[in-house]
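Residue numbers (my numbering): 892 to 1427.
Note sheet for the following structure.
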C-alpha cells in the first residue's frame, strides 16, 4: 500500500485536475447500528478552522464538508460541495459550481456566501488558524482580515470564483482540507469562541452530545447530501480510556475501534494470537516523526547545537521501541513522497562529533532544557530514549509529559524548547511535498498557534517553496520536484528538526465491523473514515 500511495501522489502532483472514479458502494454494507471508539485524551476542538491533530481530523471530516473531497480510503480527489469547477488557462481562476439543496445541520440551505465567509474566516489573523498558510496563493491573502479575501467572489448563490495571485499546483488539494470546510456564519456568531464545542456543518454526522472528559456522541445526519451514507446511526467516542484498557475492552466486545491504535507494549502479544491478528489493520502513511528544536530559544538559536542534537539521537534504537514498525528518517519527507531526496544521508549518529560541535558553540559542559511529549505510550518511552541519548553529550533534558492538547498549545505558543512529535507527528494532509513545508517548516506556520513548533523561518527557502508550487504546468513536474528536494535539503542544513522515523500505522477493529480495511487507516480521514464503515 505504501508504494501505491506514492504512485497516486505522483499522478496527482503531475496531472491535476484529473478526477478519479468515485467510490463504489459496498454491496455488503448495512445501514444502522452504533459503534464505540476510544481515546486516551479528550478532544481539543471540533472547529475546522482550528482543529489540526490526528485525533480530531476524522471527526471534523465527518461533521463538515469542503468544495473538494477524496475517494474514501484513497488519496484520489473527487468533487465535494462543488458539483463541478473550471480552471482558467493560466491556472489563476477557479470557478466552482455548488450543489443545490445542501443543508447545514441547523436546517439552512448552504450558499456561495457561506463558502466566502468560511474562507475569509480561516484566513483572518484573528481566527489564529494553523491552516491559514495553505490559502496563501489566493489573491488578497496578505491583506486578509475583517474585510475578507479580495480573491474570493460570490458570482451567484451557487457559484464561487477564486482568483489566485500565482499558479498553485496544490490548490484543489487545499480546497479538500478540513480548513476549507464550509460553516454557517450565524452558528459561529452564536457560539463565539465555543464554536469548536458547538460545531455546525453539512457533514454526514452531527454532534449530539459532548460531555467533557467522558464522551462525544455523533448521530447520523438524515439530510446528508450524499445518498446512502453514512451507514451508522451513531458513533460514540469515549475519552479518558487508557490504550491498554481499550484493547482489553475490544477483546471483550465492548469497543469497536481503539482510536490510539495497538499499545506498543501489547503489539507482539496481539500479533502472536491468530484470532486477534486477523482483526489488525495495517496501512502505509505519508508520515514522519521528528523532534523540533525551537530556533528562537537559546541554545537552539545556535546551528552547532542543533546539528549536535541531530547527531546525538540513536534512531535505530528508537525504532526498536515501536517493534520495528518504522524506518529511520534522514529528512522531513517520507520515502514514499515525491520530492524525497534519494541517497541523502542526513546527520549520522556520532557522539564524539556531537560533543565537538557543542564545544564549538561554547557549551562543552552541555546545558539543561525541556523536552515536551504527548503522554500516550510509547511516546514517554521514546522521550526517555531521547533523554538518554542527549545525556551522553552532556545535555540534561527534563521530560514534560502532557496531554496532546497541552503539547500542541505549548508548541504553537513557542514555549517548548524541544518537542517529540510522536502521537502528533506529521501525516500528509494531501499527497504532495509542499504539505510537509508550509504548515510545519515555513514562515506561515511559525506564528502564534501555528504548527511550526521549531519557529524556523527562512525567507529564501519560503521563496523557493513558492516558486515550486507556482510550477503548475504538468510539463514542469520534474523541475518542481527538484525544487522541493532543494528546499528540504536546505532545511536540513539549518537543522531545525531531528527527523527520527517514518512509521506505518497499525490499528484493530472488532469482529462486527465491516468495510474495506483501507477505511480504518484512511490516508486522508485519519485515522478512520466513519462515513463509510458499518456494522455487519
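Heads up, the beta-carbon is just placed ideally off N, CA and C, and yes, glycines get one too.
Given residue i, which residues of its chain have a CB within under 8 angstroms of its CB, disregarding the five upstream and five downstream residues?
| i | result |
| --- | --- |
| residue 1171 | 1153, 1161, 1162, 1397, 1398 and 1399 |
| residue 1121 | 953, 1095, 1096, 1111, 1112, 1115, 1421, 1422 and 1423 |
| residue 1405 | 917, 919, 920, 921, 1424, 1425, 1426 and 1427 |
| residue 1315 | 944, 945, 1265, 1295, 1298 and 1299 |
| residue 1042 | 1029, 1030, 1031, 1032, 1053, 1054, 1055 and 1056 |
| residue 1235 | 1221, 1222, 1380 and 1383 |
| residue 1289 | 1259, 1260, 1261 and 1262 |
| residue 994 | 1000, 1001, 1093, 1114 and 1116 |
| residue 1237 | 1201, 1220, 1221, 1222, 1383 and 1390 |
Determine the extent of the alpha helix (DSSP H) in which residue i is found, giving its start and end residues.
| i | result |
| --- | --- |
| residue 946 | 945–954 |
| residue 1064 | 1062–1065 |
| residue 1198 | 1194–1203 |
| residue 1013 | 1003–1014 |
| residue 1278 | 1270–1282 |
| residue 1076 | 1076–1082 |
| residue 1138 | 1134–1142 |
| residue 1212 | 1206–1212 |
| residue 1301 | 1295–1304 |
| residue 1243 | 1242–1251 |
Residue i: buried (16+ other C-beta within 10 angstroms of its C-beta) or exposed?
| i | result |
| --- | --- |
| residue 1192 | exposed |
| residue 1260 | buried |
| residue 1198 | buried |
| residue 1410 | buried |
| residue 900 | Residue placement at residue 900 is flagged as unreliable, the pLDDT there being 31, under the threshold of 50; a coordinate-derived value is accordingly withheld. |
| residue 1440 | Any property of residue 1440 remains undetermined from this structure, which presents the chain solely from 892 to 1427. |
| residue 1401 | buried |
| residue 947 | buried |
| residue 1007 | buried |
| residue 1046 | exposed |
| residue 1143 | exposed |
| residue 896 | Confidence in residue 896 is poor, its pLDDT being 26 and thus under 50, which makes the residue's placement too unreliable to answer from. |
| residue 1017 | exposed |
| residue 1229 | buried |
| residue 1037 | exposed |
What residues match up with residue i in a beta bridge as DSSP calls it?
| i | result |
| --- | --- |
| residue 1162 | Residue 1162 is not bridged to any residue. |
| residue 1289 | 1261 |
| residue 973 | 989 |
| residue 925 | 1125 |
| residue 1174 | 1396 |
| residue 1109 | 1098 and 1126 |
| residue 1055 | 1029 |
| residue 1404 | 1426 |
| residue 1000 | 994 |
| residue 968 | 961 |
Taking 7 angstroms as the limit between beta carbons, can you name the residues of its chain near residue i, skipping five residues before and five after?
| i | result |
| --- | --- |
| residue 1346 | 1185, 1186, 1187, 1305 and 1337 |
| residue 1157 | 1135 and 1138 |
| residue 1351 | none |
| residue 1374 | 1355, 1358 and 1359 |
| residue 1203 | 1242, 1245, 1280, 1281, 1283 and 1284 |
| residue 1141 | 1149, 1399 and 1401 |
| residue 1159 | 1214 |
| residue 1089 | 1082 |
| residue 898 | With a pLDDT of 25 at residue 898, under the threshold of 50, the modelled position of that residue is not reliable, and no figure is offered here. |
| residue 1252 | 1190, 1193, 1195 and 1196 |
Give every residue of the same chain whose Cβ lies closer than 6 angstroms to the Cβ of residue i, excluding the five residues on either side of it in the sequence, and list them in chain order.
| i | result |
| --- | --- |
| residue 1074 | 1009 |
| residue 956 | 971, 972, 1093 and 1094 |
| residue 894 | Confidence at residue 894 is low in this model, with a pLDDT of 22, below 50, so the placement of that residue should be treated as unreliable; the coordinate-derived value is given next. Here the set comprises nothing. |
| residue 1167 | 1161 |
| residue 1240 | 1205 |
| residue 1076 | 1008 |
| residue 1130 | 930 and 933 |
If you follow the beta strand (DSSP E) that residue i is in, where does it begin and where does it stop?
| i | result |
| --- | --- |
| residue 1440 | As shown, the chain starts at 892 and ends at 1427. That puts residue 1440 outside it, with no answer to give. |
| residue 1378 | That residue, residue 1378, is in no beta strand (DSSP E); its alpha helix (DSSP H) goes 1368–1385. |
| residue 1179 | 1178–1184 |
| residue 1310 | 1309–1311 |
| residue 1217 | 1217–1219 |
| residue 960 | 959–961 |
| residue 1045 | 1043–1047 |
Discussion item. Three Cβ pairs or more, each shorter than 8 angstroms: is that satisfied between the segment 1053–1066 and the segment 1314–1323?
Written reply: yes
Discussion item. Closer than 8 angstroms is the cut-off here; do at least three beta carbon pairs connect the segment 1388–1397 with the segment 1125–1140?
Written reply: no
Worksheet entry | Touch test, the segment 1355–1368 against the segment 1207–1214, Cβ-Cβ under 8 angstroms, three pairs minimum | no
Item to complete: Kindly confirm or deny that the segment 931–943 and the segment 1285–1302 touch, where touching means at least three C-beta pairs closer than 8 angstroms.
Response: yes
Item to complete: Would you be able to state if there are at least three C-beta pairs under 8 angstroms between the segment 940–957 and the segment 1003–1022?
Response: yes
Item to complete: Check whether the segment 1324–1331 touches the segment 1368–1387, taking contact to mean three or more Cβ pairs, one atom from each stretch, closer than 8 angstroms.
Response: yes
Worksheet item: Do the segment 987–995 and the segment 1080–1089 touch if we need at least three Cβ pairs shorter than 8 angstroms?
Response: no
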